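Written out below as structure tokens is the structure these notes cover.
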Amino acid sequence: DNEAGGARRVLLKLSGEAFGGGAVGVDVKVVQRIAREIVAAVRSGVQVAIVVGGGNFFRGAELSQAGIERSRGDYMGMLGTVMNCLALQDFLEQAGQATRVQTAITMGQVAEPYIPLKAIRHLEKGRVVIFGAGAGLPYFSTDTVSIQRALEIHCCQVLMGKNGVDGVYTADPRKDPNANMFVRLSYQRALVDNLAVMDASALSMARDNNMSIRVFGLEGEGNVTRTLEGEQLGTLVCG
Ligand code: UDP
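Counting from 8, one number per residue, gives the positions in the sequence shown under the UniProt record's numbering.
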């Protein structure tokens with residue numbers, strides 16, 4: 008399962024919502040804490056690649072509701088993810104962690120282009136690689152991209168960090184007091200029961216290629232470090 012020559016290599020997906028702390032823009036306190044937690048895990052030997060969402064700026068589907076053409080709205084959404092990448096990169100570098108941002112839309116002054124073999128090399132050298140601009144394609148989501156990147160650069164697992172929830176539940180725990188958290192959940196059940204884990208294209212790509220996903224809560228001191236290091240918080244979605 009582990010193709011990173013013994014080291015644990017994981018793909019961390021950070022939602023844009025977390026970055027915004029529930030508002031539009033970047034909540035520096037949140038990003039700073041997440042950065043510190045990532046650095047702690049890297050220092051203990053974990054290879055960390057990151058896909059950052061952009062929902063704290065724009066979502067194409069929402070812009071399209073407001074009258075902006077869908078694809079153009081999606082490009083706006085992708086550009087939003089890059090701002091989050093730069094914020095995270097800054098706090099990682101401030102904490103002494105070497106990082107590279109690679110974007111799926113080329114922007115040479117700001118980031119490297121996405122080059123999978125180079126990304127792997129960075130990880131092997133102990134650098135954190137942050138992937139921005141999603142897949143560079145409208146109608147995709149950063150959830151789907153995190154599965155794809157994890158597959159392409161041989162991560163053992165995708166760790167989906169969520170805001171406001173700490174795993175996958177039988178019902179929305181914010182609305183239903185009887186909701187229970189799954190410790191383990193099959194791809195198929197998540198898909199068929201339409202459990203709010205991630206979008207269906209991400210789930211089906213994970214299922215078809217057997218990439219397991221741990222859904223965990225970003226809130227709570229230490230959660231990010233512990234999950235990166237392999238502790239089993241939240242819900243495991245697998246075969
Ligand atoms: N997006 C896209 N293609 C991609 C990734 C993202 O078009 O490959 C756009 C899409 O409009 C999406 C927005 O970027 O709504 C922000 O990404 P996402 O919603 O996945 O971020 P998150 O929900 O994780 O914050």
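Every residue gets a Cβ at the ideal spot worked out from N, C-alpha and C, and that includes glycine. This one's a predicted model, so the numbers in the text were calculated from it and none came from an experiment.
For C245, no alpha helix (DSSP H) segment is defined; the enclosing uninterrupted segment is the beta strand (DSSP E) at 242-245. Distance from G168 to V231 at the Cβ level is roughly 7 Å; contact confirmed, criterion being Cβ atoms closer than 8 Å. Between Q54 and L158 the beta-carbon gap is near 15 Å, outside 8 Å, which marks them as no contact.
Between I112 and the set Y121, M90, V136, the nearest pair of CA atoms involves Y121. Per DSSP, A209 is one residue of the alpha helix (DSSP H) stretching across 207-216. In the same chain as F138, and ignoring 5 residues on each side of it, the C-beta atoms closer than 6 Å to its own belong to V58, Q109, R156, in chain order. Taking G62 as reference, the option from Q164, M218, A30 with the minimal CA-CA separation is A30. The beta carbon of S78 lies closer than 7 Å to those of P145 in the same chain, with the five residues before and after it left out. Annotation: the continuous beta strand (DSSP E) that includes T106 extends over 106-110. For K36, the enclosing alpha helix (DSSP H) covers residues 35-50.
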